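Residue 117 is where the sequence shown starts when you use my numbering, and the numbers rise one by one after that.
First the structure, in the form of C-alpha cells, and then the observations on it.
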Amino acid sequence: RLLQARGTDVCHLFASGRRAPSRFRDERVHLRDDEGLLADVRELSGTDPRVLGDPEVVRMALPALRADYRAAETYRYAPGPPLTCPIT
C-alpha cells in the first residue's frame, strides 16, 4: 500500500501464509535466544532436521529467520484500500 500510495507501480505481490494480519497475537519468538528461536522452527516441522543440525547453515540462516519472525510478530494491520496488483 505504501508503494502504491507513493505512485510506485507494483506489478505483482508474492505472499506467504500466516494468520490474517488483523488477528494479532502477542508473540515474541524473535526475542528468544538462538536455541529458543530454532525450537520454534523445529516445532513447525517445515525444515529438514539435517539443515537445522548443520551449525554453518544455522549461522547463516538465523539472521534472516529472526528478521522474518520479527516482521510477522510486530506487524500491525491498518485498514486501507485493497492492493491493485495481482497477488500470488
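In this text, a Cβ means the ideal position worked out from N, Cα and C, and glycines have one as well.
Quantities reported herein were computed from a predicted structural model and do not represent experimental measurements.
Around the Cβ of residue i, are there at least 16 other Cβ atoms within 10 angstroms (buried) or fewer (exposed)?
i, result
"Tyr-185", "buried"
Can you tell me which of the options puts its alpha carbon nearest to the alpha carbon of residue i?
i, options, result
"Thr-200", "Val-126, Pro-165, Leu-118", "Val-126"
"Ala-121", "Thr-204, Pro-197, Ile-203, Val-174", "Pro-197"
"Tyr-191", "His-128, Gly-123, His-146", "His-146"
"Glu-189", "His-128, Thr-124, Leu-153", "Leu-153"
"Val-157", "Leu-178, Glu-172, Ile-203", "Leu-178"
Mapping the DSSP letters down to three states, classify residue i as helix, strand or coil.
i, result
"Leu-129", "strand"
Do residue j and residue i come within 7 angstroms of each other at the CB atom, strictly closer than that value?
i, j, result
"Ile-203", "Ala-155", "no"
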